[in-house]
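Engineer: My structure is below; once you've seen it, I'll send some questions.
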Amino acid sequence: MKDDELLRALSRAAREDDPLVDPRWDELAADRLSEEDREALEALARQDPEAQEALKAFAPLGEDVRAATVERALAALTHSTGVDAPEASKEEGPDSARVVRLQGRRRSLMTWVMAASLAAAVAAVWGLGRFGTTAGVPLYELTVVGGEQSTRSAPRAPGEEPPQLGSGSRLELLLRPAEPAHESVAVRAFLATRGAASLSEVRRWEPPVEISPEGAVRIAGTREALFPDLPAGEITVLLVVGAEGKLPEDAAAALRAEREEDQRAHAPFRVLRVRLRLDDGGRQAP
Numbered sequence: 657m658k659d660d661e662l663l664r665a666l667s668r669a670a671r672e673d674d675p676l677v678d679p680r681w682d683e684l685a686a687d688r689l690s691e692e693d694r695e696a697l698e699a700l701a702r703q704d705p706e707a708q709e710a711l712k713a714f715a716p717l718g719e720d721v722r723a724a725t726v727e728r729a730l731a732a733l734t735h736s737t738g739v740d741a742p743e744a745s746k747e748e749g750p751d752s753a754r755v756v757r758l759q760g761r762r763r764s765l766m767t768w769v770m771a772a773s774l775a776a777a778v779a780a781v782w783g784l785g786r787f788g789t790t791a792g793v794p795l796y797e798l799t800v801v802g803g804e805q806s807t808r809s810a811p812r813a814p815g816e817e818p819p820q821l822g823s824g825s826r827l828e829l830l831l832r833p834a835e836p837a838h839e840s841v842a843v844r845a846f847l848a849t850r851g852a853a854s855l856s857e858v859r860r861w862e863p864p865v866e867i868s869p870e871g872a873v874r875i876a877g878t879r880e881a882l883f884p885d886l887p888a889g890e891i892t893v894l895l896v897v898g899a900e901g902k903l904p905e906d907a908a909a910a911l912r913a914e915r916e917e918d919q920r921a922h923a924p925f926r927v928l929r930v931r932l933r934l935d936d937g938g939r940q941a942p
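Here the sequence shown is numbered in the working numbering, starting from 657 and rising by one per residue.
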């Protein structure tokens with residue numbers, strides 16, 4: 657069976673259970689979808705509001721995002737090398753903090769292949785003759801899926817309510833690199849309740865972690881499996897992804913690293929955070 661035929665067969669089976677489990681969404685995000693399947697998803701989006709939101713969230717990164725990536729990378733390289741960057745376009749790029757909401761029924765949307773357009777943007781920077789090291793890890797994007805609402809991109813808008821996880825809800829935290837990591841990566845996680853008043857209340861969190869050869873990270877599980885001993889209330893998850901052996905050992909170092917995070921194209925590690933609200937009908941967190 658050809659790849660396209662296999663994809664369509666999987667799609668038909670997936671739609672019988674949940675339209676948003678359709679593997680074509682991942683193919684769309686990776687910009688590998690055939691024109692026929694793209695038209696089929698667009699037709700589905702016209703009939704289903706959830707599919708319409710998914711079509712926006714999984715659209716391949718466009719030229720405007722690639723241009724913004726090149727500009728940021730050039731600025732970082734110029735800062736580290738002292739070489740003047742070529743004049744950038746006067747047009748402003750898209751808001752990098754834009755968040756796309758999805759309904760929380762999507763059960764598995766891990767895309768292990770980066771968007772080809774973003775890879776081309778990074779390659780274009782290095783093709784300009786800039787010299788520098790590729791040691792460390794690239795910039796990362798965090799996608800949160802689960803509960804009553806899901807988001808793609810970070811950070812969230814100020815004042816925006818965090819995703820809610822009720823009893824039995826499933827959560828996925830997906831961290832995707834802007835380009836494949838050049839060395840093995842590891843993840844260290846911390847969490848704190850909203851009322852945490854000191855670093856002693858920010859503790860290590862050790863969820864199940866999957867890491868792809870390219871450096872993509874997936875943390876997934878139910879509310880009970882991921883946070884078995886936490887009462888209802890708002891929590892903050894701090895995720896540190898970076899080269900093995902170079903991650904901060906404790907919460908104090910992680911928080912300090914977040915404040916001083918290196919925004920170069922490659923750095924020893926990246927720090928990402930997300931707020932979540934646990935709601936299981938039990939007692940409230942302080």
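We put the CB at the ideal spot given by N, CA and C, even for glycine. This one's a predicted model, so the numbers in the text were calculated from it and none came from an experiment.
Please classify residue 871 as buried or exposed, where buried requires at least 16 other C-beta atoms within 10 Å of its C-beta.
Structural biologist: buried
Engineer: Does the distance from the C-beta atom of residue 828 to that of residue 881 stay below 7 Å?
Structural biologist: no
Engineer: Run the CB neighbour count on residue 693, radius 10 Å, all protein chains shown included, and call it buried at 16 or more, exposed below.
Structural biologist: Answer is buried; the Cβ neighbour count reaches 16.
Engineer: To the nearest angstrom, report how far apart residue 894 and residue 913 are at their CA atoms.
Structural biologist: 11 Å
Engineer: Is residue 708 close to chain C, meaning its C-beta is less than 7 Å from at least one C-beta of that chain?
Structural biologist: Here chain C cannot be found, since the structure has a single protein chain.
Engineer: So, with DSSP's three-state summary, where would you put residue 652?
Structural biologist: In the structure as shown, the chain starts at 657 and stops at 942, and residue 652 therefore has no counterpart that could be examined.
Engineer: Pull up the distance between the alpha-carbon of residue 889 and that of residue 832, whole angstroms please.
Structural biologist: 28 Å
Engineer: Applying the 10 Å Cβ sphere with the 16-neighbour rule, what's the burial state of residue 932?
Structural biologist: Buried, since its Cβ has 16 or more Cβ neighbours within 10 Å.
Engineer: Tell me which same chain residues have a C-beta within less than 8 Å of the C-beta of residue 640, skipping the five on either side of it?
Structural biologist: With the chain running from 657 to 942 in the structure shown, residue 640 is simply not present.
Engineer: If we count the other Cβ atoms within 10 Å of its Cβ and call it buried at 16 or more, is residue 898 buried or exposed?
Structural biologist: It is buried - the Cβ of residue 898 has at least 16 other Cβ atoms within 10 Å.
Engineer: Just to confirm the assignment: which complete beta strand (DSSP E) runs, minimum length 3, are found wholly within the segment 856 to 932?
Structural biologist: Counting only runs of 3 or more, we get 859 to 861, 873 to 878, 889 to 899.
Engineer: Classify residue 821 as helix, strand or coil using the three-state DSSP reduction.
Structural biologist: strand
Engineer: Please report the distance separating the alpha-carbon of residue 915 from that of residue 928.
Structural biologist: Our two residues, residue 915 and residue 928, have alpha carbons roughly 11 Å apart in a direct line.
Engineer: Within a Cβ cutoff of 7 Å, which residues of the same chain sit near residue 934, ignoring the five residues on either side of it in sequence?
Structural biologist: 821, 879, 883, 886, 888, 889, 891
Engineer: Please report the distance separating the alpha-carbon of residue 799 from that of residue 830.
Structural biologist: 5 Å
Engineer: For residue 827, write down the residues that DSSP places opposite it in a beta bridge.
Structural biologist: 802, 877
Engineer: Checking 7 Å against the spacing of the C-beta atoms, do residue 860 and residue 866 come in under that value?
Structural biologist: no
Engineer: Please classify residue 835 as buried or exposed, where buried requires at least 16 neighbouring CB atoms within 10 angstroms.
Structural biologist: In the assembly as shown, residue 835 is a buried residue. Its beta-carbon has 16 or more other beta-carbons within 10 Å.
Engineer: Going by DSSP, what residue range makes up the alpha helix (DSSP H) through residue 688?
Structural biologist: Per DSSP, residue 688 belongs to no alpha helix (DSSP H) and is neither H nor E.
Engineer: For the alpha helix (DSSP H) that residue 711 lies in, which residues bound it at each end?
Structural biologist: 705 to 713
Engineer: Who pairs with residue 847 in a beta bridge, going by DSSP?
Structural biologist: 859, 893
Engineer: Below 8 Å on the Cβ atoms is my guess for residue 863 versus residue 845; work out the distance and round it to an integer in Å.
Structural biologist: 6 Å
Engineer: Quick one: Cα of residue 695 to Cα of residue 902, how far?
Structural biologist: 45 Å
Engineer: Taking the alpha carbon of residue 604 as the point to measure from, which residue in 689, 688, 900, 906 has its own alpha carbon closest?
Structural biologist: Only positions 657 to 942 of the chain appear in this structure, which leaves residue 604 out of reach.
Engineer: Would DSSP call residue 754 helix, strand or coil?
Structural biologist: In this prediction, residue 754 has a pLDDT of 36, which is less than 50 and means its spatial position is unreliable; what the coordinates show is noted afterwards. If DSSP states are grouped into helix, strand and coil, residue 754 belongs with coil.
Engineer: Nearest to residue 837 by alpha carbon, out of 848, 823, 795?
Structural biologist: Of the listed residues, the one whose Cα sits closest to residue 837 is 795.
Engineer: Give the DSSP bridge partners of residue 832, in chain order.
Structural biologist: Note: residue 832 sits in a beta bridge opposite 797.
Engineer: Pull up the distance between the alpha-carbon of residue 868 and that of residue 911, whole angstroms please.
Structural biologist: 26 Å
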